[in-house]
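Trainee: This is the structure, below, for whatever I ask next.
In my numbering, the protein residues as written are 3 to 283.
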């Protein structure tokens, strides 16, 4: 969620976040926030989950490492009349919040991009109060967009500026790496690693399989828009060897053309998992 190479305030993330609102709504439906609960939206982006949390009557804190996006969230909260909501610029790995200060923490496709997954998880567990709950969404490795992410990851890892070939510059975080070799980091879509971090392993973890649809007038139009304004795609393009870029871009466009559910426009279905963790159950 915090990375020098992947700045979520770069570009115009808020042009694309509406596609993730159904997932945020599903996340909040499952979380069922109650009036007066102390709730945190971790990696709030432009406020997709923050606003529904505030409408529930919960006492809301939005935490986001990208200052520009945090400003967007703050403005949306102010316009909606939630002047008592708090916004904090911070990474998931170092939350400036007291122990046990949250009853509910939600994260919609955000904490999964942490460069230190276990540290981020420890911080969540530290801040969560006894009896509290943590819910988040995480991408699966199936579907065209996962294929695109893997293609970009390979291209970035092979760039001359990355001779070791073992770092994707932050782009690939959030999509589990299934490539052979090396020690794989914890996978947020397989959350058993969270239970191991809870003292005594006392955690109830449940999950459900969900999906998000991305739509556009055509695959090419969507690719053009993503590379123009989507932060992670912009970062990947900058990191790829310019000589290899035409090949990588052609591969991406073909993946999306062949993966669209409809021939006359772009319809991509991306599976994800909704996870609920109750560490003190």
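The beta carbon of each residue, even a glycine, is placed where N, CA and C say it ideally should be.
Note that this is a predicted model, so its numbers are computed, not measured.
Taking only runs that begin and end inside the stretch 186 to 227, name each unbroken alpha helix (DSSP H) of 4 or more residues, in chain order.
Mentor: Here the runs fully enclosed are 194 to 199.
Trainee: Here's a check: name, in chain order, each residue in its chain whose Cβ is nearer than 6 Å to the Cβ of residue 231, leaving out the five neighbours to either side.
Mentor: Here the set comprises 13, 14, 17.
Trainee: Mind checking residue 198: buried by the 16 CB within 10 Å criterion, or exposed?
Mentor: Answer is exposed; the Cβ neighbour count stays below 16.
Trainee: Would you mind sorting residue 81 into buried or exposed? The rule is 16 or more other CB atoms within 10 Å of its CB.
Mentor: Exposed.
Trainee: Measure the CB-CB distance between residue 88 and residue 157 and report whether it falls below 8 Å.
Mentor: No; because the gap between Cβ atoms is not below 8 Å, this pair is not in contact.
Trainee: Where does residue 263 land, buried or exposed, given buried means 16+ other C-beta within 10 angstroms?
Mentor: Looking at its Cβ environment, which holds fewer than 16 other Cβ atoms inside 10 Å, residue 263 is exposed.
Trainee: Buried or exposed for residue 311, please, with buried defined as at least 16 other CB atoms from any protein chain shown within 10 angstroms of its CB.
Mentor: With the chain covering only 3 through 283, there is no way to say anything about residue 311.
Trainee: Out of 220, 155, 139, which has the shortest C-alpha to C-alpha gap to residue 279?
Mentor: The candidate whose alpha carbon is nearest that of residue 279 is 139.
Trainee: Are residue 22 and residue 214 closer than 8 Å when you measure CB to CB?
Mentor: Taking 8 Å as the Cβ cut-off, residue 22 and residue 214 qualify as a contacting pair.
Trainee: Using three-state DSSP, classify residue 108 as helix, strand or coil.
Mentor: Strand, per DSSP.
Trainee: I think residue 68 touches residue 9, with their Cβ atoms under 8 Å apart; what is that distance to the nearest whole Å?
Mentor: Right, the Cβ-Cβ distance comes to about 6 Å (below 8 Å), so this counts as a contact.
Trainee: Could you check the C-alpha separation between residue 58 and residue 34 for me, to the nearest Å?
Mentor: Answer to the nearest angstrom: the Cα atoms are 8 Å apart.
Trainee: Can residue 212 and residue 28 be called in contact, C-beta distance under 8 Å?
Mentor: Result yes, Cβ atoms of residue 212 and residue 28 sit closer than 8 Å.
Trainee: Consult DSSP for residue 96 and reduce its assignment to one of helix, strand or coil.
Mentor: Of the three classes helix, strand and coil, the one that applies to residue 96 here is coil, per DSSP.
Trainee: List the whole-angstrom C-beta distance separating residue 150 from residue 258, where the pair is believed to meet the contact cut-off of C-beta under 8 Å.
Mentor: Residue 150 to residue 258, Cβ: 7 Å. Contact.
Trainee: Taking the alpha-carbon positions, what's the residue 101 to residue 134 distance?
Mentor: Those two C-alpha atoms are separated by around 12 Å.
Trainee: Quick check on this structure: which residue in 281, 73, 277, 189 has the alpha carbon closest to the alpha carbon of residue 143?
Mentor: Nearest option by C-alpha distance: 189.
Trainee: Can you tell me where the alpha helix (DSSP H) holding residue 256 begins and where it ends?
Mentor: Taken as a continuous stretch (DSSP letters only), the alpha helix (DSSP H) holding residue 256 covers 247 to 261.
Trainee: By Cβ distance, which residues of its chain are closer than 6 Å to residue 92, with the 5 residues on each side in sequence left out?
Mentor: Same-chain partners within the cutoff: 65, 98.
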